[in-house]
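**Q** Residue numbering for the sequence shown follows our numbering, starting at 467 and increasing by one per position.
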Amino acid sequence: MSENLPTTAEIVILGGGVMGASTAYHLCKAGFKKVVLLERESFFGTGATGRCAGGIRHQFNTEINIRLSQLSLRMLDTLEEETGTAAQVRKCGYLFVLTREADVVSFQKTVSLQNRLGVETEWLNREEVRTLAHPCVFEDAIAGSFNAEDGLADPHSVVSAYIDASRHLGACCLTGCNATGIKTRGNKIVNVQTNRGVIETEKVVNACGPWSQVPAKWLGLDLPVQPLRRQWLMTNEIPQFPKSFPFVIDFAASLYFHREGPGILTGMSNPHQPFGEDQNIDTEWENNHVEKAVQRMPLLAEAGIQARQAGLYEMTPDSHPIIGQTPVDGFFLLTGFSGHGFMQGPFCGKLLSELITEGMTKSLDISSLAFDRFEKDQLIQEYNVV
Ligand SMILES: Cc1cc2nc3c(=O)[nH]c(=O)nc-3n(C[C@H](O)[C@H](O)[C@H](O)COP(=O)(O)OP(=O)(O)OC[C@H]3O[C@@H](n4cnc5c(N)ncnc54)[C@H](O)[C@@H]3O)c2cc1C
């Protein structure tokens with residue numbers, strides 16, 4: 467709790483993760499003078515963003531997700547020029563390993579689509595996959611896809627970059643400030659209520675990530691964004707580990723590995739995880755995960771666990787984000803990234819800022835991501851979400 471709460475704002479952004487921070491920066495850059503961002507925790511980026519695995523990739527199977535990543539990853543490359551803080555990008559490449567015939571057929575289509583959109587993902591045969599994935603053991607690999615431009619970036623650096631740059635441009639970004647309600651008159655927003663007082667405003671962005679349903683409910687909107695626990699662990703140093711190891715995904719098992727400092731970060735999605743806000747480590751699932759991880763990478767048996775983390779994906783029914791207006795005048799959504807929002811945050815904050823300032827997005831057509839697609843039954847299907 468540092469600055470005082472302003473009594474008025476041109477726009478109030480709820481949530482200080484990557485989405486809120488990027489939106490604040492891009493709105494300030496577009497000329498907004500009184501941007502207020504509210505984060506209820508003591509630090510920015512401690513929600514999903516700070517718990518994420520840091521993966522950045524072009525390899526998706528819908529055009530809209532590929533485009534969002536293409537444009538966002540370029541912004542991560544130039545974040546330091548733009549804001550003064552680097553995103554710590556490490557292009558180790560992403561290798562999807564396929565062990566089921568059905569996935570091979572689907573990924574062949576996906577790779578063609580990526581290539582057509584200018585993404586240079588390569589198709590690898592069994593031997594190439596096994597060599598690249600070493601020291602993971604993939605006797606059952608059939609084929610795989612690899613993109614050398616995919617990799618990792620640092621979530622905390624990205625959030626700090628946008629928060630610091632927003633403040634430099636005049637935004638008021640507050641921690642320890644919990645939004646508790648939104649008052650409307652007719653169909654228009656009048657104010658935002660918080661634990662520290664009221665801010666008069668006509669515009670609000672809901673960037674509350676896994677908790678986005680709550681502000682929508684205040685306005686009578688049923689937002690189909692559900693929190694879903696995911697977890698990972700990080701090992702101690704493994705000295706004999708190859709420096710060039712890529713981000714490896716055993717697609718059928720939803721199991722992944724990448725280098726993190728001197729050790730390995732590995733995660734595995736629990737397909738039976740129910741929706742809910744529990745962010746404690748599920749030890750039973752961790753045991754199952756470790757067993758599968760050691761089978762794939764026997765070297766792990768020698769390493770101790772240094773850290774573990776659980777956090778929440780913000781899932782939508784079609785695993786695509788919801789970006790844009792709502793039936794309530796001035797209430798905007800930037801949420802529902804379903805496990806890949808960190809990498810798409812930079813560009814999506816820019817897109818929302820365009821929509822707010824100009825009434826439309828000029829960088830990319832995102833009409834397929836509108837909130838009303840659910841009532842119109844126009845869902846999009848994404849296959850590459852792990
Ligand atoms: C384990 C895990 C691994 C992941 N791995 C990856 C990955 O490798 N690559 C990738 O791109 N993505 C990954 N993701 C997904 C990614 O982290 C999210 O999609 C992204 O961070 C969402 O950002 P956000 O700003 O919408 O949400 P958040 O970062 O959760 O920010 C929302 C913020 O809103 C605040 N808030 C909520 N309610 C209120 C309120 N009433 N008032 C004020 N503040 C409020 C919260 O405290 C929170 O800080 C992963 C997620 C998890 C959990």
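Backbone N, C-alpha and C fix where the C-beta goes; we use that ideal spot for every residue, glycine too.
Helix, strand or coil: how does DSSP classify Phe717 here?
**A** Locating residue 717 in the sequence shown gives position 251, where the first residue counts as 1. Three-state DSSP puts Phe717 in a helix.
**Q** Please give the ranges of any beta strand (DSSP E) in the segment 555-579, keeping only runs that are unbroken, at least 3 residues long and fully inside the region.
**A** 560-564
**Q** Quick check on His724: does DSSP put it in helix, strand or coil?
**A** As a working note, residue 724 is residue 258 in the sequence shown. Strand, per DSSP.
**Q** What do you get for Val571, buried or exposed, if any count of 16 or more other CB atoms within 10 angstroms of its CB means buried?
**A** Stepping through the sequence shown from its first residue, residue 571 is reached at position 105. By the neighbour-count rule (16 or more Cβ atoms within 10 Å), Val571 is not buried but exposed.
**Q** Okay, do the segment 534-544 and the segment 594-613 touch, 3+ Cβ pairs below 8 Å being the bar?
**A** no
**Q** Using the Cα positions of Arg839 and Phe797, report the straight-line distance between them to the nearest angstrom.
**A** In the sequence shown, counting from the first residue as 1, residue 839 sits at position 373. In the sequence shown, counting from the first residue as 1, residue 797 sits at position 331. For Arg839 and Phe797, the distance between alpha carbons rounds to 17 Å.
**Q** Given Thr650, which residues of its chain have a CB within under 7 Å of its CB, disregarding the five upstream and five downstream residues?
**A** For the purposes of this step, residue 650 is taken as the residue at position 184 of the sequence shown. Only Val656, Leu685, Val794 meet the Cβ criterion.
**Q** Counting C-beta neighbours from all protein chains within 10 Å, is the total for Val478 16 or more, i.e. buried, or is it exposed?
**A** In the sequence shown, counting from the first residue as 1, residue 478 sits at position 12. Flag for Val478 reads buried.
**Q** Which partner residues does Trp589 have in the DSSP bridge list?
**A** Sequence index remark: in the sequence shown, residue 589 carries index 123 (1-based). Trp589 pairs with Ser611.
**Q** Identify every run of the alpha helix (DSSP H) within the segment 649-693, keeping only runs that are complete inside it and at least 4 residues long; order them along the chain.
**A** 679-684
**Q** Rounded to the nearest angstrom, what separates Phe573 and Glu668 at their Cα positions?
**A** Here residue 573 refers to the residue found at position 107 when the sequence shown is read from its first residue. Here residue 668 refers to the residue found at position 202 when the sequence shown is read from its first residue. So the two alpha carbons sit approximately 45 Å from each other.
**Q** So if DSSP puts Ala475 in a beta bridge, which residue, or which two residues, is it bridged to?
**A** Translated into positions along the sequence shown, residue 475 becomes position 9. DSSP, once it has assigned bridges, lists no residue as partnering Ala475.
**Q** For Met467, which three-state DSSP category applies?
**A** If you number the sequence shown from 1, residue 467 lands on position 1. Only weak support exists for where Met467 lies, its pLDDT of 47 falling under 50; the value from the coordinates is given anyway. The answer is coil: DSSP assigns Met467 none of H, G, I, E or B.
**Q** Rounded to a whole number of angstroms, what is the C-alpha to C-alpha distance between Val714 and Arg725?
**A** Stepping through the sequence shown from its first residue, residue 714 is reached at position 248. Stepping through the sequence shown from its first residue, residue 725 is reached at position 259. Val714 and Arg725: Cα-Cα distance of roughly 10 Å.
**Q** Is it true that the CB of Gly807 sits closer than 8 Å to the CB of Val484?
**A** Looking up residue 484 in the sequence shown gives position 18. Looking up residue 807 in the sequence shown gives position 341. Result yes, Cβ atoms of Val484 and Gly807 sit closer than 8 Å.
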